[in-house]
Amino acid sequence: YDEIGEFSQGLIYAGRDGKYGYFDINGEKKIPFIYKSAFDFKNNKAIIKEDEGYGVINVRGQPLLPSVYEWIIPDSNQYVVKKGDVYGVINQQEEVIVPFEYEKIRAFSHGLAAVQKAFKWGFVNTLGEVTIPIEYKDVKPFSNINEGTQAFSLYAARVRKDSGWGLINKEEKAIFSYEYDKIEAFR
663 YDEIGEFSQG LIYAGRDGKY GYFDINGEKK IPFIYKSAFD FKNNKAIIKE DEGYGVINVR
723 GQPLLPSVYE WIIPDSNQYV VKKGDVYGVI NQQEEVIVPF EYEKIRAFSH GLAAVQKAFK
783 WGFVNTLGEV TIPIEYKDVK PFSNINEGTQ AFSLYAARVR KDSGWGLINK EEKAIFSYEY
843 DKIEAFR
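So the number in my numbering is just where the residue sits in the sequence shown, counting from 1, plus 662.
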């Protein structure tokens, strides 16, 4: 084989001569070698590529999402997908959660996803509503800055304006003003 993945959920992908499929731990072919590309299973789902585009299959090889997307990023029970030149978010029934109107979308973190439109960033919720205006030069995902302590949960995101990096909460109230050259991730 030209390429081989890692075992996940009892299956491993392999590729030969541009065709990909899946084996079980005994080396028995479980999903036919019919794909142009394949990825490891996670939560009983794997991204595959066919001639038409990327799709998602289950561990039995049954399609969960058709292979019509330019790119797919699994995100819990939904998918960040690229269609044409824009990104959106769909659920497992292919219902649009976040409309296909963004240049980029990052995975949801604590109920909000960073979105980019006209080279500016903001955040949308799981209903696709813009909750933090799309006006920042850059943003990082929300995280609990008190995680691992006995203190209450405080969710904040690092955001950048022209004047520098700052820190905001989910209501867009500044925790740190926009004056820093860099703010590291919380650990």
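Using N, Cα and C, we set each Cβ at its ideal position, and we do this for glycine too. The model shown is predicted, which means the values in this text are computed figures rather than measured ones.
Any idea which residues DSSP pairs Val760 with across the strands?
-> Looking at the DSSP output, Val760 shares a beta bridge with Val751.
Identity of the residue in Gly810, Lys745 and Phe669 nearest Tyr764 by Cα | Lys745 is the residue among Gly810, Lys745 and Phe669 whose C-alpha sits nearest the C-alpha of Tyr764.
Sub-8 Å separation of Val721 and Asn739 beta-carbons | No, the Cβ-Cβ distance between Val721 and Asn739 is not below 8 Å.
Of the listed residues Gly689, Val801 and Glu712, nearest to Asn831 (C-alpha basis) = For Asn831, the closest C-alpha among the options Gly689, Val801 and Glu712 is that of Val801.
Distance, Arg768 Cα to Asn753 Cα | When rounded, the distance between both Cα atoms is 15 Å.
With distances taken between CB atoms, is the gap from Ile703 to Gln671 smaller than 8 Å?
-> For the sequence presented, residue 703 should be read as Phe rather than Ile. Going by C-beta atoms, Phe703 is nearer than 8 Å to Gln671.
Residues bridged to Ile719 [DSSP beta-bridge criterion] | Residue pairing by DSSP places Ile719 opposite Ala708 and Pro725 in a beta bridge.
Can you tell me where the beta strand (DSSP E) with Tyr663 in it begins and where it stops?
-> Careful: Tyr663 lies outside any beta strand (DSSP E) and carries neither H nor E.
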